[in-house]
Every structure is written in C-alpha cells, then in structure tokens.
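Engineer: Using the numbering used here, you'd call the opening residue of the sequence shown number 1042 and step up by one each time.
Don't be surprised by glycine CBs; every beta carbon is placed ideally from N, CA and C.
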Amino acid sequence: MYYSREYKSPLGIITLVCDDNKRHIVGLWLEGQKYYMDGLDASQVIPSKSEKRCEVSDHKMDILDKANHWLDRYFAGQNPPIGELSLKPEGTAFRQEVWSILMNIPYGQVTSYASIARQVAKNLGRESMSAQAVGGAVGHNPISIIIPCHRVLGRHGDLTGYAGGLDKKIWLLDHEGVSVRNTSLD
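#1: Please identify the residue among S1171, I1187, D1060 and G1073 whose C-alpha is closest to the C-alpha of S1244.
#2: Which residue or residues does DSSP assign as beta-bridge partners of R1159?
#3: With a CB to CB cut of under 6 Å and the five nearest residues on each side skipped, what residues in its chain are close to D1208?
#4: Among the residues of its own chain, which have a CB less than 7 Å from the CB of G1218, if the five just before and after it don't count?
#5: For a minimum of 3 consecutive residues, which ranges assigned as the beta strand (DSSP E) are wholly contained in the stretch 1058–1146?
#6: Select from N1062, M1102 and G1073 the residue whose C-alpha is nearest the C-alpha of V1086.
#7: Taking the alpha helix (DSSP H) that Q1173 belongs to, which residues open and close that run?
#8: With I1211 as the anchor, note down where its alpha helix (DSSP H) starts and where it stops.
#9: What's the gap between the Cα of Q1074 and the Cα of E1138?
#10: By Cβ distance, which residues of its chain are closer than 6 Å to D1103, with the 5 residues on each side in sequence left out?
#11: Can you say whether R1136 is buried or exposed, counting buried as having 16 or more other CB atoms within 10 angstroms of its CB?
#12: Taking the alpha-carbon positions, what's the G1124 to I1187 distance?
#13: For a quick check, are the C-beta atoms of Y1044 and L1105 less than 8 Å apart?
#14: Between the C-alpha atoms of T1133 and D1215, what's the straight-line distance to the nearest angstrom?
#15: Who pairs with V1219 in a beta bridge, going by DSSP?
#16: Quick one, which of H1191, G1205 and L1071 has its alpha-carbon nearest V1221's?
#17: Going by CA-CA distance only, name the one from F1116, N1120 and K1107 that's closest to L1128.
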C-alpha cells in the first residue's frame, strides 16, 4: 500500500508517493512525466490529505507533509538538504548506485552522464561503464527534483533529455542558477 498527495508547483501538478508507514518517499513525478508511477500498482496508491501543513518543529509530521515543506522551500529559491527527507526509491542495485551519485550533485552545479559512468565503474570496481546505461537509470529516477536528475547533461553540456520534459529541465536548472548555454563539462 502507498499514499499519494498532489503538490501544486510552478511546473504544474507534482504527485508525491510514500510507503504504507508514511515514513519514506518512494516517488515524485511531474504531471505527464515519462515513467509516471513506474513500478507501482496504481490500485495500491491511496490519495492522502495533509494532516498538518508544514509545522517544521513538529516531529510527528508525516513524510508527505515534510516533502511538501521541502518543495515549498525549494520553489521559494532555498536549497533544502536532501537528507531532511527519508527517501526509498525502488530499483535495481545499479539504479540505486546511480541515484546515490545524483544526490551528491550540489545545487547550481551539473555533471555529465559520462562522469557518472566513470564514478559508477570506480564504485563497482569495473574498468568502465556505459554512459547510456547511466542515462537509462537517470531517466527512471522515481523521485525527480529531490533526487536531482535534472543536473545531468550530455558530455558537452547538451540537454539530452528529461523524463519530465526538456522545458522543465531548463526551468529547474535556471531556477538553481545554472546557465545551460555556458555549461561545459568534461
């Protein structure tokens, strides 16, 4: 069983999904996003209303309220730490490794698929790793925005794709102060 809540953002409606204990975020998807709720059985997702809207000092807030508060601050131009939220994306060990690397890309910075591939290869004790395989894992990130897959560009700073749409990727990067026109990567 999962619980969901809609969040109205400058990018449109966002759907947040948490586990049955309301302790971990398992998904965040933009309206119309590719792979929307991928891996979840829609019949197991129950809409949930906010019980307490963003009282930061209240440790009894459920994870959906905490995620709403995180998003409020993010869209207000703040840089809330990812570690404030308990995340539990569901995926293969390889995808988990890629998503872990994504969580370490700082606000206002970008990296390339090739750079992540080198890091994954090193972490897994391999000589090399395919940037395309990394791209597949990045594209299937089930917790967009919070796990910042929008901060990954092609080797030469190219906007190579975004499951939520390139217009949203550009908006998010601009919101974080990244000028994609002047970006150069390794």
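Structural biologist: Per the coordinate set shown:
#1: Lying outside 1042 to 1227, the shown extent of the chain, residue 1244 is not represented and no answer is given.
#2: Listed as beta-bridge partners of R1159 by DSSP are no residues whatsoever.
#3: Cβ within range, chain order: n/a, list empty.
#4: Cβ neighbours of G1218 beyond the five flanking positions: G1149.
#5: For the beta strand (DSSP E) assignment, the uninterrupted runs of no fewer than 3 residues enclosed by the stretch 1058–1146 are, from N- to C-terminal side, 1066–1071 and 1086–1088.
#6: Just measuring C-alpha positions, the residue of N1062, M1102 and G1073 sitting nearest V1086 is N1062.
#7: Looking at the DSSP string, the run of the alpha helix (DSSP H) that includes Q1173 is A1172 to G1180.
#8: Start and end: L1207 to H1216.
#9: Looking at the two C-alpha atoms, the distance is approximately 22 Å.
#10: Close CB contacts of D1103 within its chain, under the 6 Å cut and outside five residues either way in sequence, are with K1063 (chain order).
#11: Burial state of R1136 is buried, judged by a 10 Å Cβ sphere holding 16 or more other Cβ atoms.
#12: Those two C-alpha atoms are separated by around 10 Å.
#13: Closer than 8 Å, so yes.
#14: Straight-line spacing of the CA atoms in T1133 and D1215 works out to 31 Å.
#15: Beta bridge pairing from DSSP links V1219 with no other residue.
#16: Per the Cα distances, H1191.
#17: The candidate whose alpha carbon is nearest that of L1128 is K1107.
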